[in-house]
Amino acid sequence: MEDWLGEDVRAAVEAWIAYLGIPAWVVLLVLGALVAVWRLHAHHIKLLEKMGEPGKREEIDKARSRPLVAVDSYRRRLAAVLGWLDARLGPHPWGPGSYDWCLRLAFVYPILGILLIWAITGENTSGIPDLLPALTTATTLGTPLTDAP
């Protein structure tokens with residue numbers, strides 16, 4: 183089978199991915215999202231074609247007139263989350279509650295980010311040598327399930 187991408191392009195892409203340090207699961211996730219968007223677009227095109235057929239438009243309109251359970255569920259959850267945030271931060275966006283929350287977040291998120299990257303890659307990215315030990319490939323979260331013992 184002939185290589186349609188070409189050796190030069192393939193080598194450049196592999197070098198770029200290695201340079202950026204993009205794990206294979208991220209590439210697969212992005213490709214999966216692109217395939218999902220493509221499938222949704224194809225479904226939308228088929229739906230538009232059906233609307234042109236006689237009798238199908240009424241069926242589609244009837245399906246659309248059903249109550250939107252997902253939208254109502256989303257609105258209820260959004261109201262609950264925003265209510266929780268108002269209770270935590272206070273009614274004023276620039277009040278002392280929101281300032282306290284931002285200080286806590288600014289303290290915690292870099293530490294959690296360093297620990298998460300260390301758990302996935304096994305490399306110390308904190309900038310402080312010997313703060314976190316280097317992990318072997320078998321102990322990181324980024325290890326594929328096929329390599330697990």
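Going by my numbering, the first residue of the sequence shown is number 183, and it counts up by one from there. Built from N, CA and C at the ideal position, the CB exists for glycine as well.
*Around the C-beta of Trp207, are 16 or more other C-beta atoms found within 10 angstroms, so that it is buried, or is it exposed?*
In the sequence shown, residue 207 corresponds to position 25, counting from 1. By the 10 Å Cβ count, Trp207 comes out exposed.
*Does DSSP put Trp266 in a helix, in a strand, or in coil?*
Against the sequence shown, residue 266 aligns to sequence position 84. In the structure shown, Trp266 sits in a helix (DSSP, three-state: H, G or I).
*Give every residue of the same chain whose Cβ lies closer than 7 Å to the Cβ of Ser308, excluding the five residues on either side of it in the sequence, and list them in chain order.*
Reading the sequence shown from its first residue, position 126 is the one you call residue 308. Hits under 7 Å: Ile296, Leu314.
_Run of the alpha helix (DSSP H) containing Ser308, from where it starts to where it stops_ = For the purposes of this step, residue 308 is taken as residue 126 along the sequence shown, with counting starting at 1. Careful: Ser308 lies outside any alpha helix (DSSP H) and carries neither H nor E.
*asked:* At the level of alpha carbons, what is the spacing between Ala197 and Ala316?
replied: In the sequence shown, counting from the first residue as 1, residue 197 sits at position 15. In the sequence shown, counting from the first residue as 1, residue 316 sits at position 134. Near 24 Å, if we compare the C-alpha coordinates of Ala316 and Ala197.
*Whole angstroms is fine: what's the gap from Pro292's alpha carbon to Cys284's?*
In the sequence shown, residue 292 corresponds to position 110, counting from 1. In the sequence shown, residue 284 corresponds to position 102, counting from 1. Pro292 and Cys284: Cα-Cα distance of roughly 13 Å.
_Quick check on this structure: which residue in Val191, Asp268, Pro205 has the alpha carbon closest to the alpha carbon of Ile302?_
Mapped onto the sequence shown, residue 302 falls at position 120. Looking at the Cα atoms, Pro205 is the closest of the given residues.
*Under the three-state DSSP convention, the category Trp276 falls into*: Looking up residue 276 in the sequence shown gives position 94. Looking at Trp276 - three-state DSSP - the assignment turns out to be coil, as it is neither helix nor strand.
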